[in-house]
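Visitor: Take this structure, written in C-alpha cells, and hold onto it; I'll ask about it next.
Protein chains: 2
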Amino acid sequence: MACWTSSRGSCGRASSSPEPVNLPTEFARIGRHFRPLAGPGALDLADDAAVFAPPLGRELVIAADAMVEGVHFLPDDPPDLIGRKLLRTNLSDLAAMGALPLGYLMTVSTPKATPETWFAGFAAGLASDQAEFGIILLGGDTTSTPGPISLSLTILGTVSPGCALRRNGAREGDGVWVTGTIGDGALGLLAATGRLADASGFLAGRYRLPQPRLGLTLHGVARAVMDVSDGLVQDLGHICRASGLGAVIHAGDVPLSGAARMADRLDLCLTGGDDYELLMAVPPDREDALRDAARTAGVGITRIGTFLAGDADVTVLDRDGVAMDFAVGGWSHFA
Amino acid sequence: MACWTSSRGSCGRASSSPEPVNLPTEFARIGRHFRPLAGPGALDLADDAAVFAPPLGRELVIAADAMVEGVHFLPDDPPDLIGRKLLRTNLSDLAAMGALPLGYLMTVSTPKATPETWFAGFAAGLASDQAEFGIILLGGDTTSTPGPISLSLTILGTVSPGCALRRNGAREGDGVWVTGTIGDGALGLLAATGRLADASGFLAGRYRLPQPRLGLTLHGVARAVMDVSDGLVQDLGHICRASGLGAVIHAGDVPLSGAARMADRLDLCLTGGDDYELLMAVPPDREDALRDAARTAGVGITRIGTFLAGDADVTVLDRDGVAMDFAVGGWSHFA
Numbered sequence: 358m359a360c361w362t363s364s365r366g367s368c369g370r371a372s373s374s375p376e377p378v379n380l381p382t383e384f385a386r387i388g389r390h391f392r393p394l395a396g397p398g399a400l401d402l403a404d405d406a407a408v409f410a411p412p413l414g415r416e417l418v419i420a421a422d423a424m425v426e427g428v429h430f431l432p433d434d435p436p437d438l439i440g441r442k443l444l445r446t447n448l449s450d451l452a453a454m455g456a457l458p459l460g461y462l463m464t465v466s467t468p469k470a471t472p473e474t475w476f477a478g479f480a481a482g483l484a485s486d487q488a489e490f491g492i493i494l495l496g497g498d499t500t501s502t503p504g505p506i507s508l509s510l511t512i513l514g515t516v517s518p519g520c521a522l523r524r525n526g527a528r529e530g531d532g533v534w535v536t537g538t539i540g541d542g543a544l545g546l547l548a549a550t551g552r553l554a555d556a557s558g559f560l561a562g563r564y565r566l567p568q569p570r571l572g573l574t575l576h577g578v579a580r581a582v583m584d585v586s587d588g589l590v591q592d593l594g595h596i597c598r599a600s601g602l603g604a605v606i607h608a609g610d611v612p613l614s615g616a617a618r619m620a621d622r623l624d625l626c627l628t629g630g631d632d633y634e635l636l637m638a639v640p641p642d643r644e645d646a647l648r649d650a651a652r653t654a655g656v657g658i659t660r661i662g663t664f665l666a667g668d669a670d671v672t673v674l675d676r677d678g679v680a681m682d683f684a685v686g687g688w689s690h691f692a
Numbered sequence: 358m359a360c361w362t363s364s365r366g367s368c369g370r371a372s373s374s375p376e377p378v379n380l381p382t383e384f385a386r387i388g389r390h391f392r393p394l395a396g397p398g399a400l401d402l403a404d405d406a407a408v409f410a411p412p413l414g415r416e417l418v419i420a421a422d423a424m425v426e427g428v429h430f431l432p433d434d435p436p437d438l439i440g441r442k443l444l445r446t447n448l449s450d451l452a453a454m455g456a457l458p459l460g461y462l463m464t465v466s467t468p469k470a471t472p473e474t475w476f477a478g479f480a481a482g483l484a485s486d487q488a489e490f491g492i493i494l495l496g497g498d499t500t501s502t503p504g505p506i507s508l509s510l511t512i513l514g515t516v517s518p519g520c521a522l523r524r525n526g527a528r529e530g531d532g533v534w535v536t537g538t539i540g541d542g543a544l545g546l547l548a549a550t551g552r553l554a555d556a557s558g559f560l561a562g563r564y565r566l567p568q569p570r571l572g573l574t575l576h577g578v579a580r581a582v583m584d585v586s587d588g589l590v591q592d593l594g595h596i597c598r599a600s601g602l603g604a605v606i607h608a609g610d611v612p613l614s615g616a617a618r619m620a621d622r623l624d625l626c627l628t629g630g631d632d633y634e635l636l637m638a639v640p641p642d643r644e645d646a647l648r649d650a651a652r653t654a655g656v657g658i659t660r661i662g663t664f665l666a667g668d669a670d671v672t673v674l675d676r677d678g679v680a681m682d683f684a685v686g687g688w689s690h691f692a
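Residue numbers (this note's numbering), protein chains in the order written: chain A, 358 to 692; chain B, 358 to 692.
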C-alpha cells in the first residue's frame with residue numbers, strides 16, 4: 358500500500374467480475390484534502406512510506422488511538438471538530454509523556470456515501486490544529502467501510518533522553534494534582550445529546566474539542582503523569598498500580614467548571630472520562646516549581662489528594678470525609 | 358489515552374446514567390493477548406506512549422494501513438491470518454522502501470460480541486510473524502465498534518540515510534521488473550468466496566497471507582520500487598507518474614502461478630491487486646546485480662516491460678502485440 362494512496366480493498370466486489378472502482382475520485386480526494394497537510398518527510402504522500410531523520414539527541418515518543426463514529430464522536434459532530442479531536446486526544450498522550458509534537462500518520466475509513474464536504478471539513482480542522490500545535494502529516498491510508506466512520510491516528514513526538522514522564526514514579530506523600538477542570542467532557546456528551554442543559558455550549562464544546570496540556574515543563578517537577586481519558590478515579594488507579602501505591606482524593610477539592618457545578622453530577626465528573634487533563638504526582642517540595650510551570654503555560658492546576666502507601670486502592674472522600682462508593686465504572690473491581 | 362490501555366469511548370451510553378463499562382475484561386484482554394507481543398520501548402503497554410531511541414545513523418521509514426472486515430478481509434477468515442495479513446501488508450511497504458522492520462503500533466476496533474478466541478488467534482498470528490520478521494509491538498489502542506472489525510497498523514522501519522527506494526527514480530530504458538507471481542491475490546479472493554475452483558487452496562492462501570519481499574538488497578540496483586497492492590497496471594502508472602515516464606509491458610511475460618494460468622483470468626491478474634509483490638525499475642546494466650540479489654533472497658524476478666519517454670501512459674500488449682483495453686480498474690482515466 359502506500360504513504361497515502363488509497364487502498365481500495367477487494368472483498369466489496371459483489372460478483373466474480375470486479376466492479377469498476379472509482380480510484381480517480383479517491384486519488385483526487387487525497388490530493389485535494391490530505392496532500393496539503395503533508396510536511397517534510399511525507400514525500401508528498403506519493404511513496405510507500407514516509408522517510409525522516411529522527412532529531413539528533415532526542416528519544417522518540419509514539420502512541421496510537423482510534424476513534425469510531427457513535428463510540429468516540431457523534432454522527433452529527435462537525436467534521437472539523439472530529440479531525441481536531443482525533444489529533445488532540447493523541448497530542449494529549451504526548452503531553453502526558455512530556456514530549457514535543459513531531460508528526461502523525463492517520464487512517465480514515467469512511468462509508469462510500471460520505472460527502473466531499475465531510476472530508477473538506479475534516480481536513481480543515483486538522484490544518485488548523487497542525488498550525489496551532491506545530492505538527493505535520495507524514496502519511497496514512499484511506500479506505501471504504503460498510504460500517505461507521507473509523508479513524509486511527511499514530512502520533513510521534515520527541516523528548517530528551519530519559520526525560521519521558523512515566524506513570525510509575527509516584528511516591529508515598531506526593532500530592533495528587535490535576536490540570537484544568539474535571540468532568541466537563543462527560544457532561545458535555547450529555548449536553549451534546551440533549552440530555553443536559555448547556556445554554557452556553559461550554560460543556561458540549563469541552564466534549565468535542567479537548568485541550569491537550571502541552572507546554573507544561575514537568576520533567577523534574579512531577580514524578581508521575583498521565584492524561585485523564587477513562588475517568589479520574591479509574592486513571593488515578595493506573596498511576597497507583599504502576600507506582601505500587603494507593604491514593605486518597607477529596608471530592609470537594611476536584612476542580613469543576615461553573616457549568617459542571619451547575620449540573621450537580623459529581624459522580625459522573627469523577628468517573629466519566631474524556632477530560633484530557635493531566636493527572637500528576639508531585640512531591641510537596643516541588644509544588645512551587647509546579648505552580649511556576651503552570652503559570653508559564655497558562656494552565657490551571659489543583660491539588661486534590663495524596664498518594665499513600667498501600668495496595669493501589671483509590672479512596673474518594675466526600676465533603677464529610679466519608680468514602681464515596683461508585684457503582685459504575687468498574688474500576689474498583691480491576692485486579 | 359495510552360500506549361495500549363483500552364479507550365472505552367462514551368457515546369455508546371444509552372441513557373443519561375452512564376452504563377457500567379466492563380473495563381476489567383478489556384484490561385485483562387490486553388494483558389493476556391497483546392502485552393506478550395510488546396517489545397523494548399513499549400513500556401509494557403502501560404504508559405501513555407512508547408519511548409525509544411532511534412537507531413543511530415539510520416533514517417526512519419513509517420507507513421500506516423487500515424484493514425476493514427468485509428473490505429480487506431472476509432468475516433470468516435481465520436483471525437491469525439487476519440493479524441498476519443495486517444502486519445504483512447505494512448511490512449510490504451517497508452520492503453518497497455528498502456527498509457528493515459523495527460516496530461509497529463496498532464488500533465483494533467471490534468464489535469462487543471467478538472469472542473475471546475478471535476483475539477487469541479489474532480495475537481497468535483501476530484506473534485508468529487513478529488518472530489519471522491523480527492519486529493515488535495510498541496503500542497496501540499483497543500476500542501469497541503458497532504460496525505465491522507476495523508484494524509489500523511502503523512509500521513516503523515529504518516534505512517541508511519539517503520537509501521530509501523522511491524517511486525520517482527525510473528528512467529527511460531529501465532526494465533519493468535516484478536517479484537514472484539502476479540494475480541494470485543485477486544484470484545484468491547474469488548477462490549476464498551467460492552467463485553473460483555482452488556482445490557489446493559494455493560490461491561486463497563495467497564490472498565489471505567501475502568509474502569512481503571523483505572530481504573532483497575535493491576539500493577544501487579533498482580531506481581524505483583513500489584509494492585503492488587492496487588493492481589499491476591494501476592501501480593505501474595504510479596511509478597510512471599512519479600518518474601515522468603510511460604511504460605509498455607507484455608502481458609505474456611507477466612509471471613503467473615500455475616493456478617493462475619489454470620484460472621485463465623489475465624485481465625483480473627493484471628488489474629486485481631492484493632499482490633504485495635515488488636514492482637521495480639532496473640537499468641539494463643544492473644540486471645545481473647538484480648539477479649544476484651534475488652538469488653540471495655530466494656525470490657523469483659521477471660522482466661515484463663520497459664519504461665519509455667512519454668506521458669505516464671501504461672500500455673499493455675497481448676501476445677499478438679495488440680494493446681489491451683481494461684474496462685475495469687479506472688486506472689486509464691486517472692489524470
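Don't be surprised by glycine CBs; every beta carbon is placed ideally from N, CA and C.
Span of the alpha helix (DSSP H) holding B/E416?
Guide: As a position in the second sequence, residue 416 of chain B is number 59, starting the count at 1. From DSSP, B/E416 is part of no alpha helix (DSSP H) but of the beta strand (DSSP E) over 416-425.
Visitor: What does the Cβ neighbour count give for A/K469, buried or exposed, with the cut at 16 atoms within 10 Å?
Guide: In the first sequence, counting from the first residue as 1, residue 469 of chain A sits at position 112. Burial call: exposed.
Visitor: Does B/P664 come out as helix, strand or coil in the three-state DSSP assignment?
Guide: Within the second sequence, numbered from 1, the residue matching residue 664 of chain B stands at position 307. According to the sequence as given, residue 664 of chain B is Phe; it is not Pro. B/F664: strand per DSSP, three-state reduction.
Visitor: Residues of chain A with a CB under 7 Å from the CB of B/S517: which are they?
Guide: Taking the second sequence and counting its residues from 1, one reaches residue 517 of chain B at position 160. Residues of chain A passing the Cβ test: none, with the nearest at roughly 11 Å.
Visitor: Could you round the C-beta distance between A/A410 and B/P518 to whole angstroms and report it? I think they count as a contact, below 8 Å.
Guide: Reading the first sequence from its first residue, position 53 is the one you call residue 410 of chain A. Reading the second sequence from its first residue, position 161 is the one you call residue 518 of chain B. Rounded, the Cβ-Cβ distance is 7 Å, consistent with contact.
Visitor: Taking only runs of the alpha helix (DSSP H) that begin and end inside the stretch 549-620 of chain B, which ones reach a length of at least 4 residues, in chain order?
Guide: Runs of the alpha helix (DSSP H) inside the stretch 549-620 of chain B: 559-565, 589-600, 615-620.
Visitor: Among A/C626, A/A638, A/S449, A/G427, which has the Cα closest to the Cα of A/I419?
Guide: What you label residue 419 of chain A is simply residue 62 of the first sequence in a count that begins at 1. Nearest of A/C626, A/A638, A/S449, A/G427 to A/I419, Cα basis: A/S449.
Visitor: Looking at chain A, is there any beta carbon in it that lies within less than 9 Å of the beta carbon of B/D531?
Guide: Position 174 of the second sequence, counting from 1, holds the residue named residue 531 of chain B. Answer no: the Cβ-Cβ gap between B/D531 and chain A never drops below 9 Å.
Visitor: What's the C-alpha gap between B/V516 and B/G609?
Guide: If you number the second sequence from 1, residue 516 of chain B lands on position 159. If you number the second sequence from 1, residue 609 of chain B lands on position 252. Taking the straight line from one Cα to the other gives about 35 Å.
Visitor: So, under 8 Å CB-CB, B/D405 and A/A453 are touching, yes? Tell me the CB distance rounded to an integer number of Å.
Guide: For the purposes of this step, residue 405 of chain B is identified with residue 48 of the second sequence, where counting begins at 1. For the purposes of this step, residue 453 of chain A is identified with residue 96 of the first sequence, where counting begins at 1. Correct: roughly 4 Å between the Cβ atoms.
Visitor: Just the C-alpha distance for B/G526 and B/A599, rounded to the nearest angstrom, thanks.
Guide: The residue given as residue 526 of chain B occupies position 169 in the second sequence. The residue given as residue 599 of chain B occupies position 242 in the second sequence. So the two alpha carbons sit approximately 8 Å from each other.
Visitor: Could you check how far apart the C-beta atoms of A/L635 and A/T550 are, in whole angstroms? I think they sit under 8 Å.
Guide: Along the first sequence, one-based indexing puts residue 635 of chain A at 278. Along the first sequence, one-based indexing puts residue 550 of chain A at 193. Their Cβ separation, rounded to whole angstroms, is 27 Å, which puts A/L635 and A/T550 out of contact at 8 Å.
Visitor: Who are the Cβ neighbours of A/G497 in its own chain at under 6 Å, not counting the five residues just before and after it?
Guide: Here residue 497 of chain A refers to the residue found at position 140 when the first sequence is read from its first residue. For A/G497, where only same-chain residues beyond five positions count, the Cβ hits under 6 Å are W361, L462, M463, T464.
Visitor: Of all Cβ atoms in chain B, is any one closer than 9 Å to the Cβ of A/D498?
Guide: The residue given as residue 498 of chain A occupies position 141 in the first sequence. Judged by the 9 Å Cβ criterion, A/D498 is in contact with chain B.
Visitor: With DSSP as the reference, label B/A638 as helix, strand or coil.
Guide: In the second sequence, residue 638 of chain B corresponds to position 281, counting from 1. If DSSP states are grouped into helix, strand and coil, B/A638 belongs with the strands.
Visitor: Within the continuous alpha helix (DSSP H) that includes A/T538, where are the two ends?
Guide: Taking the first residue of the first sequence as 1, we reach residue 538 of chain A at position 181. Unbroken run through A/T538: none, as it is neither H nor E.
Visitor: Take A/V590 as the anchor and find which of A/T574, A/V611, A/L513, A/A579 has the nearest alpha-carbon.
Guide: Looking up residue 590 of chain A in the first sequence gives position 233. The shortest C-alpha separation from A/V590 is found at A/V611.
Visitor: Restricting to Cα atoms, I'd like to know which of B/L547, B/L444, B/P432, B/G629 is closest to B/L566.
Guide: Indexing the second sequence from 1 puts residue 566 of chain B at position 209. Among B/L547, B/L444, B/P432, B/G629, the Cα nearest to that of B/L566 is on B/L444.
Visitor: In the stretch 598-616 of chain B, which residues sit with their C-beta less than 8 Å from some C-beta in chain A, listed in chain order?
Guide: Result list: A599.
Visitor: Whole-angstrom Cβ separation of A/G629 and A/G542, contact assumed at under 8 Å?
Guide: Taking the first residue of the first sequence as 1, we reach residue 629 of chain A at position 272. Taking the first residue of the first sequence as 1, we reach residue 542 of chain A at position 185. Confirmed, Cβ separation roughly 7 Å.
Visitor: Among B/I512, B/T499, B/P503, B/S507, which has the Cα closest to the Cα of B/I493?
Guide: Looking up residue 493 of chain B in the second sequence gives position 136. The candidate whose alpha carbon is nearest that of B/I493 is B/I512.
Visitor: Counting along the chain, where does the beta strand (DSSP E) carrying B/G514 start and finish?
Guide: As a working mapping, residue 514 of chain B is identified with position 157 in the second sequence. Unbroken beta strand (DSSP E) run through B/G514: 507-516.
Visitor: From A/H390 to A/T474, what does the alpha carbon distance come to, in whole angstroms?
Guide: Counted from its first residue, the first sequence places residue 390 of chain A at position 33. Counted from its first residue, the first sequence places residue 474 of chain A at position 117. Distance between the alpha carbons of A/H390 and A/T474: 10 Å.
Visitor: Can you grab the Cα-Cα spacing for the pair B/G562 / B/G545, in whole Å?
Guide: Counting from 1 along the second sequence, the entry for residue 562 of chain B is found at position 205. Counting from 1 along the second sequence, the entry for residue 545 of chain B is found at position 188. Computed Cα separation, rounded: 7 Å.
Visitor: Can you find the residues in the same chain that come closer than 6 Å, C-beta to C-beta, to A/P640, ignoring five residues on each side of it along the sequence?
Guide: Your numbering for residue 640 of chain A matches position 283 in the first sequence. Closer than 6 Å at the Cβ level, and outside the excluded window around A/P640, lie D531.
Visitor: Would you call A/G455 buried or exposed, if buried means 16 or more other Cβ atoms sit within 10 Å of its Cβ?
Guide: The residue you call residue 455 of chain A lines up with position 98 of the first sequence. With 16 or more Cβ atoms within 10 Å of its Cβ, A/G455 is classed as buried.
Visitor: Tell me, please, which residues DSSP counts as bridged to A/G655.
Guide: Taking the first sequence and counting its residues from 1, one reaches residue 655 of chain A at position 298. None, per the DSSP bridge assignment.
Visitor: Compute the Euclidean distance between the alpha carbons of A/R622 and A/F479, then round it to the nearest angstrom.
Guide: The sequence position of residue 622 of chain A within the first sequence is 265, counting from 1. The sequence position of residue 479 of chain A within the first sequence is 122, counting from 1. If you take the alpha carbons of A/R622 and A/F479, they lie about 32 Å apart.
Visitor: Have a look at A/C626 and A/V656 and give me their C-alpha separation to the nearest angstrom.
Guide: What you label residue 626 of chain A is simply residue 269 of the first sequence in a count that begins at 1. What you label residue 656 of chain A is simply residue 299 of the first sequence in a count that begins at 1. Taking the straight line from one Cα to the other gives about 19 Å.
Visitor: Tell me where the alpha helix (DSSP H) around B/L356 begins and ends.
Guide: It is not possible to answer for residue 356 of chain B, since the shown part of chain B is limited to 358 through 692.
Visitor: Over the uninterrupted alpha helix (DSSP H) stretch that includes A/G482, give me the two end residues.
Guide: Numbered from 1 along the first sequence, position 125 holds the residue referred to as residue 482 of chain A. Segment 473-490, the alpha helix (DSSP H) holding A/G482.
Visitor: Taking the beta strand (DSSP E) that A/L717 belongs to, which residues open and close that run?
Guide: The structure shown does not extend to residue 717 of chain A, since chain A is modelled only from 358 through 692, so no value can be given for it.
Visitor: Do B/V330 and B/A646 have their C-beta atoms closer together than 9 Å?
Guide: The structure shown does not extend to residue 330 of chain B, since chain B is modelled only from 358 to 692, so the question has no answer here.
Visitor: Listed in chain order, which residues of the stretch 449-464 of chain B have Cβ atoms closer than 8 Å to some Cβ of chain A?
Guide: Flagged, chain order: S449, D450, L451, A453, M454, A456, L462, M463, T464.
Visitor: Comparing the C-beta of A/A504 with each C-beta of chain B, is any distance below 9 Å?
Guide: The residue you call residue 504 of chain A lines up with position 147 of the first sequence. Per the sequence shown, the amino acid found at residue 504 of chain A is Gly instead of Ala. Yes, A/G504 counts as interfacial toward chain B.
Visitor: Are the Cβ atoms of A/V605 and A/V673 separated by less than 9 Å?
Guide: Against the first sequence, residue 605 of chain A aligns to sequence position 248. Against the first sequence, residue 673 of chain A aligns to sequence position 316. Yes, the pair counts as a contact, with Cβ atoms nearer than the cut-off.
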